[in-house]
Amino acid sequence: MGKIKHFCKNLITKLMLKNEFVALLKKYFIEKATIYVANIVEKYNIQLVFTKPRKTRKGTFIIVKNQSPKITLNRDMKPEEMLFVFLHETAHLLVFKKYGKRKKPHGLEWQKIFLMLVKENIKNGNFSEKTREILLKCFFTPTLHYHPNCKLLHTHFRPLRNKNNLYLYQLSVNDKFIIDNDIKKQFILKKKRKTQYLCKNLVNEKLYLVHSFIEIKKIYE
Numbered sequence: 516m517g518k519i520k521h522f523c524k525n526l527i528t529k530l531m532l533k534n535e536f537v538a539l540l541k542k543y544f545i546e547k548a549t550i551y552v553a554n555i556v557e558k559y560n561i562q563l564v565f566t567k568p569r570k571t572r573k574g575t576f577i578i579v580k581n582q583s584p585k586i587t588l589n590r591d592m593k594p595e596e597m598l599f600v601f602l603h604e605t606a607h608l609l610v611f612k613k614y615g616k617r618k619k620p621h622g623l624e625w626q627k628i629f630l631m632l633v634k635e636n637i638k639n640g641n642f643s644e645k646t647r648e649i650l651l652k653c654f655f656t657p658t659l660h661y662h663p664n665c666k667l668l669h670t671h672f673r674p675l676r677n678k679n680n681l682y683l684y685q686l687s688v689n690d691k692f693i694i695d696n697d698i699k700k701q702f703i704l705k706k707k708r709k710t711q712y713l714c715k716n717l718v719n720e721k722l723y724l725v726h727s728f729i730e731i732k733k734i735y736e
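Here it is as structure tokens:
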């Protein structure tokens, strides 16, 4: 009888902690998705950390020896984008668990798992109808390939704050631009790459990689 009471007490404590965790998740995810996220975190013993905004990345998957896997997410993301990035990082975790470090970060194995997770959440209604339509257009193409540069999705999650601004990908090589109206962040676009563009700072003349979807103001001469 004592063992049963101890088991029940531990079970109740565990359920209470999970309920508290789900309540916390509601601050960052749409309510429908919170149980799904909580179950994934519990199943894989993930350290889920919400960080201050980072300009170079929205989320990370980190493995440290002898520690639980960690997923970090920028806390300024909107709920549906938060879920999308969480699925992105969870796919990295699942690839690591299955293949170790033998596979490319965004290789075919990762793409298949990521698309499976996205499809699962579409089916479960964890994305709005509008986001669902965009995800289907971006990812579930006849070739079933993942398209990291899907402009439709990025602009949906991160609409321009100023209607007079542009996204960096809309510029041409040798166009000049400024970020955040900061005089020290004036650049010229030197080369377009896959997701980050090579840009030269016009103040210190150093080269930088700038994300193609960053909001900028074009400098007209």
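Positions 516 to 736 (the working numbering) are the ones given, in order, by the sequence shown.
Idealized CB from N, CA, C, for every residue including glycine.
As the structure is a computational prediction, the values presented were derived from the model and not from experiment.
Worksheet item: Roughly how many whole angstroms lie between the Cα atoms of K585 and L675?
Response: Each residue's alpha carbon lies about 31 Å from the other.
Item to complete: Would you tell me roughly how many angstroms separate the C-alpha atoms of F702 and Y682, rounded to the nearest one?
Response: Looking at the two C-alpha atoms, the distance is approximately 14 Å.
Discussion item. Would you call the stretch 589-600 in contact with the stretch 540-551, where contact means no fewer than 3 C-beta pairs closer than 8 Å?
Written reply: Judged by Cβ distances under 8 Å, the stretch 589-600 makes contact with the stretch 540-551, as three or more pairs qualify.
Worksheet item: Between the Cα of K709 and the Cα atoms of N636, H621 and E557, which residue gives the shortest distance?
Response: Nearest of N636, H621 and E557 to K709, Cα basis: H621.
Fill in: Sequence ranges, beta strand (DSSP E) only - wholly within the stretch 550-631, length at least 3
At a cut-off of 3 residues, the continuous stretches assigned as beta strand (DSSP E) that sit fully inside the stretch 550-631 are 562-566, 574-577 and 585-589.
Fill in: Per DSSP, the bridge partner or partners of K715
Per DSSP, I703 and L722.
Fill in: Backbone secondary structure at L683 - three-state DSSP
Secondary structure at L683: helix, using DSSP grouped into helix, strand and coil.
Practice prompt. Quick one: give me the first and last residue of the beta strand (DSSP E) that I731 is part of.
Written response: The continuous beta strand (DSSP E) containing I731 extends over residues E730 to I734.
Item to complete: Kindly confirm or deny that the stretch 600-615 and the stretch 558-574 touch, where touching means at least three C-beta pairs closer than 8 Å.
Response: Yes, since at least three Cβ pairs between the stretch 600-615 and the stretch 558-574 fall closer than 8 Å, the two stretches touch.
Worksheet item: What do you get for E595, buried or exposed, if any count of 16 or more other CB atoms within 10 angstroms of its CB means buried?
Response: Buried, because 16 or more other Cβ atoms sit within 10 Å of the Cβ of E595.
Worksheet entry | Integer Cβ distance of L713 from N689, believed to fall under 8 Å | In this structure, L713 and N689 do not form a Cβ contact; the two beta carbons are roughly 12 Å apart against a cut-off of 8 Å.
Worksheet item: Bridge partners of H693, per DSSP?
Response: Note on identity: in this sequence residue 693 is Ile, with His being the wrong assignment. I693 is bridged to Q701 and K732.
Fill in: Secondary structure of L675, DSSP reduced to three states
L675: coil per DSSP, three-state reduction.
Item to complete: Go through its chain and collect everything with a Cβ distance to I649's Cβ below 6 Å, but skip five positions before and after it.
Response: The answer, listed in chain order, is L667, L668 and H671.
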